[in-house]
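**Student:** If you scroll down you'll find the structure; I have some questions about it.
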Amino acid sequence: MFFLFFSLTLSLSAQQSVINTTTIADFENAKRLYNNKAYAAAQQLFAKVSKENKQYKNVKVDADYYDAICAIKLNQENANNKVLDFAKNYPYNNKKDRIFLKVGNHYFANRKAAHSLRWYKKVNDKLLTQDEKNELNYKMGYALLASNYLKDAKAKFQTLLGNPVYGNDARYYYGYVAYKQENFGEAEDNLSQLADDATYQAKANYYILDISFKAGRFDKSVQIGEKLLATTKDKKERSEISKIIGESYFNLKKYKEAIPYLKAYKGKRGRWTNTDYYYLGYAYYKQNDYENAVNYFNKIIGSTNKVAQNAYYHLGECYLKLDKKLEALNAFKNASEMDFDAKISENAALHYAKLSYEEGNPYKSVPEVLQAFLQKYPTSPNKKEVSDLLITSYLHQGDYQGALEYLNANKTPENEDINNEVSLYRGIQLFNEQKLEEAVPYFFTATKANDEKVSNKATFWLAETNYLLGKYDDALSSFLLITNKDFPEAKTLDYQIAYSYFKQKKYDLAANHFQKFLDSKIDNVDLNDDAANRLGDSYYATKQYDKAIKAFDKVIQEGGVGSDYATYQTAMSYGLAGNNDEKIKQLNELINNFETSQLNDDALFQLATTYTAKGNSQKAQSTYNKLLTTHKKSSYIPNVLLRQGLLYYNNDNSEKALSKYKEVVSKFPNSNEAKQAVTNVKNVYIDLGRVDEYATWVKGVKFVNVSDAELDNATYESAENQFLENNTQKAITGFNKYLKAFPNGLNALKANFYLAQSYYNNKQYAEAIPHYKFVVSQEKNEFSEESLSKLAKLYLEKEDWTNGIAILEQLETEANYPQNIIFAQSNLMKGYYDKEAYTKAVEYAEKVLANAKVDNTIAEDARVILARSAIKTKDFTTAEDYYMEISKKATGEVKAESLYYNAMFAHENELYEDSNKTIQNLIANYSNYKYWGVKSYIIMAKNFYALKDAYQATYILENIIKNFTQFKDIIEEAKNELRTIKNKEAKTNESINNSQN
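Here UniProt numbering is used: the first residue of the sequence shown is 1, the next is one more, and so on.
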């Protein structure tokens, strides 16, 4: 039994010995692999030793310890858990704290401060040696510093300040932490002790430099900085040191010395801040180098702080020194809207108000700006000056209505006189806008002015307005009240008086004043020609034919406007004076010399009539035939056919006479000539003894009902009498009754026309349209032209271009009066433009301009259509030419439009300064037309950016976006442009927020 036990014991002992030897060998092999950094292989053996060793605890502890360390080294996911498991499994083992230290050191060596700090905090430093404690404090202090736990880091470094190993490192970091905590005295005390330390000398001196700067010891900063700059090679450090030296000189007010150092600063990652730009801008400003000052100040964009307010104020001053007032206005506006420095805000607001008055303001009306200043600074010493500017600003901007409202709200004897004068300007403004009824009360108010010149001028305009309203008696009365003629319009006073008499049919008095006007010899060819023709008409009307001929001859000899009319009237004068031969001569001259004249068919008709009177039927017939051939749309056609029939009848050619009479009835069934032709046909058939043929023929004539003819005429005449007596409503009832009873009656044409006129006069426009349409649907007649004109106006008022264009085209071809042709053509060009038919719009605009008699206003409209059409069709060369021409004479919104395009073309041609000057003109003088002003401001922003003034460009665009949300298309364009500029500027300015606007 003992033997058995002994044998068993020996066997177990031997087995244990084998196991132990193997384990130890594996452990030692694992350590060898670990020391050779073969952590994966080592870890496998350590894990095996730990698993297989059940008896020797120390070996297992060591194996688990190294297993966890290997996991850390290999960055395994469960590494931290292995370390924590080790500490949990062996809480009292001295390796617990060492493994924490070991893991911390691992992360520390790999620059993972936060990770290392986590493990360092677990170490019980009481179990460490002093050297280990020192190492722990140093590394833990550094990790705390890197993790921004400045206070705790400082405490750790403080324990090492005298340590021979870590002392200098600890002192540097201790000083650095004090610097970061802005304990500059403590920082300087510690960092200055490293002035001779090779490792920290440069860094310590840099921080001492910065500390001196922040402590306001700028002389010392300069001294230290220049020494550092002499030895420092690193470009980044040289840049930072230059910045401190430059700003130190700046604070010492040594701006000249500061400039080269400030410029040497390269910024952070190549980007400056707005403050950096401010220092350089101000330094140049103090050297009176305003160009360079502007170049740096204007890079300060997108900022709202005290630095920016100062910068913008000084930028405004620089612009003023450089006589760039519009640029200064924007800068002062920006500075005035910030409240960091109240004095700067007020001074900037004053500059802004004055410049707005001088240059105009694109954001608000000038009066609004001036009133805003007075409201914000009611006790300003400049109050009186700004108040005076306020009144005149309304006039400067052409805001006469605004001026009147202000004057009425602030009544004084002085303001009452101003009110009368401004009423005159407001009246003229409304007159030019063709708001005649609205203009009258303003002119009437102005006639009460104490200033005789103002009152007389107002009286003239009141008279002119009443004349255009058809109130000729009132007009004449006012014209005759004018005593002081010391104003430009009075040069034509006799002309105006003459026309007033002429309209009243007081031809003797009219002739007297037309002659006075001609004797005054004013330099206006068109008015002189017109006055000579009207003088001739006045003599003609009073049967003074010799004088009439003499007056007309003046126009003919000088080849003036209206020579064709003068020739025609000369012929008629000779005829009425009994000299038919001279009449024929003059009519032939008109026909031959004025082939395109609207009077050509009149001349042919009169010539044929004169030949008839002289008994020359053959020439009369040939002349009538010429009229029929060359003027197929002439209103004379039915009369010509009737007269030709009469000539044939008188020459015993009854068949040809019947043919002509029947042609009148067939082609012009509702004309007076047609009724006469029916009678003439009847007489011819009676003469021929063929009454039965007449009876058969007349049954086919719709408008003739022999049995109802008397009733037809009676019914019509009843309605016509009401019309002639201006009983409009009764006339409407009567004509409707007639047309219901006789829709194709003898008087259907006249009934429809007079009914249309009645509706029109009664402002029942919709009811008038179908009756005008009936008239114009017939063959050309005496009512065609006026019906076409009225119908066109009705369609135009409704902006019904589809129907309007068709009527206008008919009016153009059928009209005899030049003014109706011009009316048709000028509106056709507008209609086709509205319908985007730009080729046709251009065609009609060119027709208008080809007419020498066209009014200047209509000619300008034609040029505008040509320019706009060119823009729409991208023919920019043509557009540029026309807009340049338009801008010379245009007024109002068209002027604003033309200036915008002139500025746009100047920008495209890289004439940025010229473009800005044009925009300044637009803003200063046409600010009421906001759309064009705001749109032009985008061009100005582009100009400024092209001129390298980023501040002006961005500020303008930001204000457009902020203030003019009603113009969505412009806002979108401004946002896109601003985004582009900010993205570019953000590459060199880190203060810019280039996020999407």
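Don't be surprised by glycine CBs; every beta carbon is placed ideally from N, CA and C.
Remember, it's a predicted structure, so these values are computed and weren't measured experimentally.
1) Taking the straight line between their C-alpha atoms, what separation do you get for tyrosine 694 and valine 684?
2) CB-CB under 6 Å to threonine 980, same chain, minus the five flanking residues each way: which ones, in chain order?
3) Identify, in the order they occur along the chain, each residue of the same chain with its Cβ nearer than 7 Å to the Cβ of arginine 171, setting aside the five sequence neighbours on each side.
4) Pick out whichever of Lys126, Leu117, Lys895, Tyr352 has its Cα sitting closest to the Cα of glycine 141.
5) Using the C-alpha atoms, what's the distance from asparagine 781 back to methionine 940?
6) Please look up how many angstroms separate the CB atoms of leucine 228 and asparagine 205, rounded, as I've assumed it's under 8 Å.
7) If you follow the alpha helix (DSSP H) that leucine 922 is in, where does it begin and where does it stop?
8) Provide the residue(s) that pair with asparagine 983 in DSSP beta bridges, ordered along the chain.
9) For a test of the three-state rule: what should DSSP assign to asparagine 989, helix, strand or coil?
10) When you compare the CB positions of valine 177 and leucine 150, do they come within less than 8 Å of one another, or not?
11) Which residue's Cα is closest to the Cα of asparagine 744: Tyr611, Thr465, Glu28, Gly700?
12) If I'm right that isoleucine 245 touches glycine 225 with Cβ under 8 Å, what's the distance once you round it to whole angstroms?
13) Would you call the CB atoms of serine 221 and serine 242 closer than 8 Å?
14) Quick one: what's arginine 271 bridged to in DSSP?
15) Which term fits asparagine 110, buried or exposed, when burial requires 16 or more other beta carbons within 10 angstroms of its beta carbon?
16) I want to know whether the stretch 532-546 touches the stretch 507-514 - three or more CB-CB distances under 8 Å.
17) So, helix, strand or coil for leucine 407, using DSSP?
18) What span of residues does the alpha helix (DSSP H) with serine 871 cover, start to end?
19) Give the DSSP-derived three-state secondary structure of asparagine 713 in the structure shown.
20) For a minimum of 4 consecutive residues, which ranges assigned as the alpha helix (DSSP H) are wholly contained in the stretch 318-393?
21) Three or more C-beta pairs under 8 Å: does that hold for the stretch 956-968 against the stretch 339-356?
22) Mapping DSSP to helix, strand and coil, what is asparagine 137?
23) From the DSSP output, in three-state form, read off isoleucine 522 for me.
24) Between Thr612, Tyr937, Asn484, which lies nearest to alanine 458 when the distance is taken from Cα to Cα?
25) In angstroms with no decimal places, state the Cα-to-Cα distance between tyrosine 929 and glutamine 401.
26) Check whether the Cβ atoms of leucine 599 and tyrosine 565 lie closer than 8 Å to each other.
27) Relative to the C-alpha of leucine 395, which residue among Leu407, Val422, Asp417 is closest?
28) Within 10 Å of its beta-carbon, does glutamate 897 have 16 or more other beta-carbons around it, so buried, or fewer, so exposed?
29) Mapping the DSSP letters down to three states, classify alanine 824 as helix, strand or coil.
30) Could you tell me if threonine 715 is buried or exposed, where buried requires 16 or more neighbouring beta carbons within 10 angstroms of its beta carbon?
31) What are the start and end residues of each continuous alpha helix (DSSP H) run of 4 or more residues lying completely inside the stretch 833-858, in chain order?
32) So what does DSSP say about glutamine 569, is it helix, strand or coil?
33) Do three or more CB pairs link the stretch 834-848 to the stretch 547-554 at distances below 8 Å?
34) How many angstroms separate the CA atom of tryptophan 119 from the CA atom of leucine 101?
35) For the 8 Å Cβ check, are there 3 or more pairs between the stretch 908-921 and the stretch 934-950?
36) Quick check on phenylalanine 964: does DSSP put it in helix, strand or coil?
**Tutor:** With the given structure in hand:
1) For tyrosine 694 and valine 684, the distance between alpha carbons rounds to 9 Å.
2) So the list is empty, once near-sequence residues are dropped.
3) Counting only Cβ-Cβ distances below 7 Å, and skipping sequence neighbours, we find Leu161, Asn190, Gln193, Leu194.
4) Comparing Cα-Cα distances from glycine 141 to each of Lys126, Leu117, Lys895, Tyr352, the minimum goes to Leu117.
5) Taking C-alpha positions only, methionine 940 is separated from asparagine 781 by approximately 58 Å.
6) Right, the Cβ-Cβ distance comes to about 6 Å (below 8 Å), so this counts as a contact.
7) From DSSP, the alpha helix (DSSP H) with leucine 922 extends over 912-925.
8) Looking at the DSSP assignment, asparagine 983 forms no beta bridge with any residue, so it has no partner.
9) Strand, per DSSP.
10) With contacts defined by Cβ atoms closer than 8 Å, valine 177 and leucine 150 form a contacting pair.
11) Of the candidates Tyr611, Thr465, Glu28, Gly700, the one whose C-alpha sits nearest the C-alpha of asparagine 744 is Gly700.
12) The beta carbons of isoleucine 245 and glycine 225 sit about 4 Å from each other, so the pair counts as a contact at 8 Å.
13) For serine 221 and serine 242, no; Cβs fall outside 8 Å.
14) Arginine 271 pairs with Lys268.
15) Exposed, since its Cβ has fewer than 16 Cβ neighbours within 10 Å.
16) The stretch 532-546 vs the stretch 507-514: in contact.
17) Looking at leucine 407 - three-state DSSP - the assignment turns out to be helix.
18) It should be noted that the sequence gives isoleucine, not serine, for residue 871. Residue range 856-872 is occupied by the alpha helix (DSSP H) that includes isoleucine 871.
19) Looking at asparagine 713 - three-state DSSP - the assignment turns out to be helix.
20) The stretch 318-393 contains these whole alpha helix (DSSP H) runs: 325-336, 342-359, 366-376.
21) Pairwise C-beta distances place the stretch 956-968 out of contact with the stretch 339-356, as fewer than three of them are shorter than 8 Å.
22) Note: asparagine 137 maps to helix in three-state DSSP.
23) Isoleucine 522 falls in the coil class under three-state DSSP.
24) Comparing alpha carbon positions, the residue from Thr612, Tyr937, Asn484 closest to alanine 458 is Asn484.
25) Distance between the alpha carbons of tyrosine 929 and glutamine 401: 15 Å.
26) Yes, these two residues count as a Cβ contact at 8 Å.
27) Answer by Cα proximity: Val422.
28) Here glutamate 897 is buried, its C-beta having at least 16 other C-beta atoms within 10 Å.
29) DSSP, read as helix, strand or coil, puts alanine 824 in helix.
30) Around the beta carbon of threonine 715, 16 or more other beta carbons sit within 10 angstroms, so the residue counts as buried.
31) For the stretch 833-858, whole alpha helix (DSSP H) runs of length 4 or above, ordered along the chain, are 838-850.
32) Helix at glutamine 569.
33) These segments do not touch.
34) Using only the alpha carbons, I get a separation of about 7 Å.
35) The answer is yes - the stretch 934-950 touches the stretch 908-921, with three or more Cβ pairs under 8 Å.
36) When DSSP states are grouped into helix, strand and coil, phenylalanine 964 belongs to the coil group.
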